[in-house]
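Novice:
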Amino acid sequence: MKEVPRRIYYLFSPFLRIFHWVMVACILTLFVTGLFITKPVGLLATDPTSTMLTMDMIRSIHFLAAFIFCAVFILRIYGFIVNKGDRLFPRVWEGHFYSETIEVALHYMLLKPSHAPFLRNPLARMSYAGLYAMVFVEILTGFAMYFPTNMNSIGGTIFSWVNIALGGEFMTHLVHHYVAWFIIVFVIGHVYMVVRADFMEGEGEASSMISGIKILEHVPKDVNEIESRE
Amino acid sequence: MDKRESMWDVYLRKGISRRSFLKGCAALTAMMGLSTDMLSEVVEAAEAKPLPVVIWLHGHECTGCDESFLRSASPLASDVVLNNIDLEYSHVLSAGSGEPFEAHLEETIQKYAGQYILAVEGAVSTKDNGIYCMTGGKPFVQTLQRVAKGAAAVIAYGTCATSGGIQAANPNPTGSSGISHFIGDKPLVNVPGCPPIPEVMTGVIMHVALFGKLPPLDGDGRPKQFYGNRIHDTCYRRPFFDAGLFAESYDDKGSKAGWCLYKLGCRGPETYNSCGNMRWYQGMSYPIQSGAPCIGCSNAHFWDEAPFSKRLPEYGPLGDIDKIGAGLAVATGVGVVAHGALSTIQKKKRQEAEQAEHDEKQVKK
Ligand code: HEM
Ligand code: SF4
């Protein structure tokens, strides 16, 4: 490896980083417990003398993780407000966003040897928007199944329209379950892209979610988002 | 009948005792899901309010809702029909028939315009101008629209009337649909179920009759006092669910021991009805108690959610969700590995190119 001069860019606030890892733990927990709720295979209790409320416990873990997940979004929002580097939405209102997306896509399709340097490239940004959309659907459908235990509760009043809109609560389960799998598919792609970026560019992609910094050789095209001069 | 009688008037005329009247009112109060504090108001209403005129129409259906209604025990269906409401027209329960009967319907509509309660069982057939369901020589949809115009309130009995019913199942050849789009802006109570529980049917109509207004409704237009709970949350097998004890087939030890029917496709977790708490036929039983998983008969579109014996993940229009999901995940996994391998080659090429460029520069210098 030849030595190249690099610069450190501070990007992610601690709030975003903590949020990120809590989200990882929550999504994995939610996914595993969710599958178990749907298909309670091989539960420990096989005779009625057992006092373990296995199914109840698994559901409680799912719900606990769900509430933690929702609560931790406060950190995400706080980081978004105080730190420019946390603002990861795709900048679809800027014309160059599209040409840059195409360029990055061509690189990922292995048609271009490299793409212009970014702190956060436009395709990645779009995938995060997609993830948040899916998480939003999960939260909406999840609470729509959770709260109507008491239809007159505040939660029941707020969320029960979801079941009507989807054409029945059974459909809500269906959507919740499909989107759970789509999130896992995202996770696989996301982890790969991070590892790949580290391998291809060596810009500290993976460690950035722990340290908050990325180390780039070239000046990234979206640097003006975090630094007003230049 | 010009001065319209109240319930108390009817009891007086028939020589039924005050004691029976009060007992009847107490039963009504309980059955309507009201607290006993409301008893005096019920008595007052029953003394003063004229019996509500009811027109009961039957559309695209099996009349199973009537079968259920007839089995109401408290109050007895006969009491409701003969003493508590003024039933002017019903296809199934009336002695009359033919043209005089239809003429009587017309008469009732005019005489009590804006006052009568319209109870509707059965769906509306909308295809080909509604010819797949004819009553009294006319498409049912026309009769419904005509009668609904003068109604004070409309009660939709059964899942047919609320959302189309079995005949609306895919591919819905007769274009069946619920009645809500055909009654204008009249206040509507949805009483779904295939059929609804007998006491729920009588309870709703008595509420409208005595208080002259609709019972409190949820977002789906269903009376909260009867559809406010999930079967799953009122099911006596719920402790087995929480413990993770499930019947796996209809004849295994779990099924004999009365364990939860979740794995046999029970729709209790998404079905709102009173089967779990009121049960059927004076609390005798309900499907789950009889060992059959709930099929969710009070849910819109339950007929298209077959097979009833399967829940997720096996259930679903596209097949087993977990298999589809795992397939997608594996495909993505294979995809990223392949992409990774190609990327390695790409990187090597890029480095070679960079190296070549670098060497060229060196040479030029
Ligand atoms: C990323 C987030 C989530 C994932 C991956 C996830 C995953 C799942 C899965 C796979 C199921 C099984 C679906 C079924 O077959 O019924 C499930 C069920 C459920 N989830 Fe989630 N979930 C998430 C978030 C939430 C949230 C935020 C809530 C809100 C409280 C929630 C509440 C529920 C409920 C109530 C059920 C049904 C449990 C039952 O049928 O007893 N989920 N979840
Ligand atoms: S039998 Fe059905 S309604 Fe009863 S606890 Fe089991 S899943 Fe719920």
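Heads up: the protein sequence lines correspond to chains X and G, in order. Remember, this note's numbering sits 29 above the position in the first sequence when you count from 1. Remember, this note's numbering sits 7 above the position in the second sequence when you count from 1. Cβ coordinates follow ideal geometry from the N, Cα and C atoms, glycine included.
Can you list the residues of chain X that asparagine 177 (chain G) reaches, using a CB-CB cut of under 8 Å?
Specialist: Here residue 177 (chain G) refers to the residue found at position 170 of the second sequence. The premise fails here: asparagine 177 (chain G) is roughly 13 Å from chain X at the closest Cβ pair, so nothing lies under 8 Å.
Novice: Should proline 276 (chain G) and histidine 308 (chain G) be called a contact, given that it needs their Cβ atoms to be closer than 8 Å?
Specialist: Here the question's residue 276 (chain G) lines up with position 269 in the second sequence. Here the question's residue 308 (chain G) lines up with position 301 in the second sequence. It is not a contact, given that the beta carbons lie outside the stated cut-off.
Novice: Cβ atoms of methionine 208 (chain G) and tyrosine 279 (chain G): under 8 Å apart, would you say?
Specialist: Within the second sequence, residue 279 (chain G) is the residue found at index 272, counting from 1. Within the second sequence, residue 208 (chain G) is the residue found at index 201, counting from 1. Not in contact: tyrosine 279 (chain G) and methionine 208 (chain G) (Cβ atoms no closer than 8 Å).
Novice: What does DSSP give as the partner residue(s) for glutamate 128 (chain G) in the beta ladder?
Specialist: Residue mapping note: residue 128 (chain G) aligns to position 121 of the second sequence, counting from 1. G:His65, G:Tyr164, per the DSSP bridge assignment.
Novice: Identify whether leucine 64 (chain X) lies in helix, strand or coil by the three-state DSSP scheme.
Specialist: For the purposes of this step, residue 64 (chain X) is taken as the residue at position 35 of the first sequence. If DSSP states are grouped into helix, strand and coil, leucine 64 (chain X) belongs with the helices.
Novice: Pull up the distance between the alpha-carbon of alanine 173 (chain X) and that of glutamate 114 (chain G), whole angstroms please.
Specialist: Start at 1 with the first residue of the first sequence, and residue 173 (chain X) comes out as number 144. Start at 1 with the first residue of the second sequence, and residue 114 (chain G) comes out as number 107. If you take the alpha carbons of alanine 173 (chain X) and glutamate 114 (chain G), they lie about 47 Å apart.
Novice: Only counting runs of 3 or more residues, tell me where the beta strand (DSSP E) segments fall wholly within the region 227 to 256 of chain G, in order along the chain.
Specialist: Listed in chain order, nothing qualifies, since the region 227 to 256 of chain G has no complete beta strand (DSSP E) run of 3 or more residues.
Novice: By Cβ distance below 8 Å, which residues in the same chain neighbour isoleucine 97 (chain X) in space, the five residues on each side in sequence not counted?
Specialist: Indexing the first sequence from 1 puts residue 97 (chain X) at position 68. Cβ neighbours of isoleucine 97 (chain X) beyond the five flanking positions: Val51, Cys55.
Novice: Using a Cβ-Cβ cutoff of 7 Å, what residues of the region 208 to 221 of chain X are near chain G? List them in chain order.
Specialist: The region 208 to 221 of chain X vs chain G, Cβ under 7 Å: Trp210, Ile213, Val214, Ile217, Gly218, Tyr221.
Novice: For a minimum of 4 consecutive residues, which ranges assigned as the alpha helix (DSSP H) are wholly contained in the region 70 to 97 of chain G?
Specialist: Entirely contained in the region 70 to 97 of chain G, the alpha helix (DSSP H) runs reaching 4 residues are, in chain order, 71 to 77.
Novice: Give a yes or no on whether the minimum CB-CB distance between leucine 139 (chain X) and chain G is below 8 Å.
Specialist: To locate residue 139 (chain X), count along the first sequence from 1; it is residue 110. Yes, leucine 139 (chain X) counts as interfacial toward chain G.
Novice: Among X:Tyr107, X:Phe92, X:Val61, which residue has its Cα nearest to the Cα of leucine 45 (chain X)?
Specialist: Here the question's residue 45 (chain X) lines up with position 16 in the first sequence. The candidate whose alpha carbon is nearest that of leucine 45 (chain X) is X:Tyr107.
Novice: Could you check the C-alpha separation between leucine 19 (chain G) and serine 47 (chain G) for me, to the nearest Å?
Specialist: On the second sequence, position 12 is the one that residue 19 (chain G) refers to. On the second sequence, position 40 is the one that residue 47 (chain G) refers to. Roughly 19 Å between the two C-alpha positions.
Novice: Let me know if proline 300 (chain G) comes out buried or exposed under the rule of 16 or more other beta-carbons within 10 Å of its beta-carbon.
Specialist: Against the second sequence, residue 300 (chain G) aligns to sequence position 293. Buried.
Novice: Can you find a CB in chain X that lies within less than 8 Å of the CB of serine 281 (chain G)?
Specialist: Looking up residue 281 (chain G) in the second sequence gives position 274. For serine 281 (chain G), the answer is no, since every Cβ of chain X falls outside 8 Å of its Cβ.
Novice: Ordered along the chain, which non-local residues of its own chain (more than five positions away) have a Cβ less than 8 Å from that of arginine 153 (chain G)?
Specialist: If you number the second sequence from 1, residue 153 (chain G) lands on position 146. So the list reads Ile116, once near-sequence residues are dropped.
Novice: Compare the C-alpha of lysine 113 (chain X) against each of X:Met222, X:Tyr39, X:Ser128 and name the closest.
Specialist: Within the first sequence, residue 113 (chain X) is the residue found at index 84, counting from 1. Of X:Met222, X:Tyr39, X:Ser128, the residue nearest in Cα terms is X:Tyr39.
Novice: Collect the residues with a C-beta less than 5 Å away from any heavy atom of the ligand SF4 and give them in sequence order along the chain.
Specialist: Going along the chain, the residues that qualify are G:Ile238, G:His239, G:Cys242, G:Arg244, G:Arg245, G:Phe248, G:Cys267, G:Leu268, G:Tyr269, G:Cys273, G:Gly275, G:Ile295.
Novice: Under a CB-based cut-off of 8 Å, is histidine 214 (chain G) close to chain X?
Specialist: Here the question's residue 214 (chain G) lines up with position 207 in the second sequence. Not an interface residue.
Novice: Using 8 Å as the Cβ pair cut-off and three pairs as the minimum, do the region 166 to 174 of chain G and the region 185 to 197 of chain G touch?
Specialist: The answer is yes - the region 185 to 197 of chain G touches the region 166 to 174 of chain G, with three or more Cβ pairs under 8 Å.
Novice: Is isoleucine 328 (chain G) close to chain X, meaning its C-beta is less than 8 Å from at least one C-beta of that chain?
Specialist: Position 321 of the second sequence, counted from the first residue, corresponds to residue 328 (chain G). Yes, because at least one Cβ of chain X sits closer than 8 Å to the Cβ of isoleucine 328 (chain G).
Novice: Where does the unbroken beta strand (DSSP E) through isoleucine 23 (chain G) begin, and where does it stop?
Specialist: What you label residue 23 (chain G) is simply residue 16 of the second sequence in a count that begins at 1. Looking at the DSSP string, isoleucine 23 (chain G) is not in any beta strand (DSSP E), and its letter there is neither H nor E.
Novice: Among residues of its own chain, excluding the 5 on either side of aspartate 251 (chain X), which ones have a beta-carbon nearer than 7 Å to its beta-carbon?
Specialist: In the first sequence, the residue the question calls residue 251 (chain X) occupies position 222. Only Phe147, Leu148, Arg149 meet the Cβ criterion.
Novice: Drop a sphere of 10 angstroms on the beta-carbon of proline 205 (chain G), count the other beta-carbons inside from all chains shown, and report buried for 16 or more, exposed for fewer.
Specialist: Counted from its first residue, the second sequence places residue 205 (chain G) at position 198. Buried.
Novice: Under 8 Å between C-beta atoms, does glutamine 353 (chain G) make it to chain X?
Specialist: In the second sequence, counting from the first residue as 1, residue 353 (chain G) sits at position 346. Output row for glutamine 353 (chain G): interface = yes.
Novice: Taking only three categories from DSSP, how would you classify arginine 36 (chain X)?
Specialist: Residue 36 (chain X) sits at position 7 when you count from the first residue of the first sequence. If DSSP states are grouped into helix, strand and coil, arginine 36 (chain X) belongs with the strands.
Novice: Tell me which residue opens and which closes the beta strand (DSSP E) that isoleucine 244 (chain X) is part of.
Specialist: Numbered from 1 along the first sequence, position 215 holds the residue referred to as residue 244 (chain X). Unbroken beta strand (DSSP E) run through isoleucine 244 (chain X): 242 to 245.
Novice: With DSSP as the reference, label serine 292 (chain G) as helix, strand or coil.
Specialist: For this step, residue 292 (chain G) is matched to residue 285 along the second sequence. In the structure shown, serine 292 (chain G) sits in a strand (DSSP, three-state: E or B).
Novice: Nearest to asparagine 90 (chain G) by CA position, among G:Cys242, G:Tyr322, G:Gly31, G:Gly121, is which residue?
Specialist: Against the second sequence, residue 90 (chain G) aligns to sequence position 83. Per the Cα distances, G:Gly31.
Novice: By the 7 Å beta-carbon criterion, what residues does the region 232 to 257 of chain G contribute toward chain X?
Specialist: Cβ contacts with chain X: Gly235, Arg237, Asp240, Phe248, Asp249, Ala250, Gly251, Leu252, Phe253.
Novice: Find the residues of chain X that neighbour lysine 58 (chain G), judging by a C-beta separation of less than 9 Å, and give them in chain order.
Specialist: As a working mapping, residue 58 (chain G) is identified with position 51 in the second sequence. First, the residue type needs correcting, since residue 58 (chain G) is leucine and not lysine in the sequence shown. Chain X residues near leucine 58 (chain G): none, gap ~32 Å exceeds 9 Å.
Novice: Going along the region 139 to 173 of chain X in order, which residues come within less than 7 Å of chain G, judged by CB to CB distance?
Specialist: Result list: Leu139, Pro142, Ser143.
Novice: With a threshold of 8 Å on Cβ separation, who are the neighbours of isoleucine 138 (chain G) within its own chain once the five nearest residues in sequence on each side are excluded?
Specialist: Residue mapping note: residue 138 (chain G) aligns to position 131 of the second sequence, counting from 1. Ser132, Pro146, listed in sequence order.
Novice: Figure out for me which residue from G:Thr181, G:Tyr293, G:Met45 has the closest Cα to the Cα of histidine 67 (chain G).
Specialist: As a working note, residue 67 (chain G) is residue 60 in the second sequence. Here the closest residue by C-alpha is G:Thr181.
Novice: Helix, strand or coil: how does DSSP classify threonine 142 (chain G) here?
Specialist: Against the second sequence, residue 142 (chain G) aligns to sequence position 135. Looking at threonine 142 (chain G) - three-state DSSP - the assignment turns out to be strand.
Novice: If you follow the alpha helix (DSSP H) that valine 133 (chain X) is part of, which residue opens it and which one closes it?
Specialist: Reading the first sequence from its first residue, position 104 is the one you call residue 133 (chain X). Per DSSP, valine 133 (chain X) belongs to the alpha helix (DSSP H) from 125 to 137.
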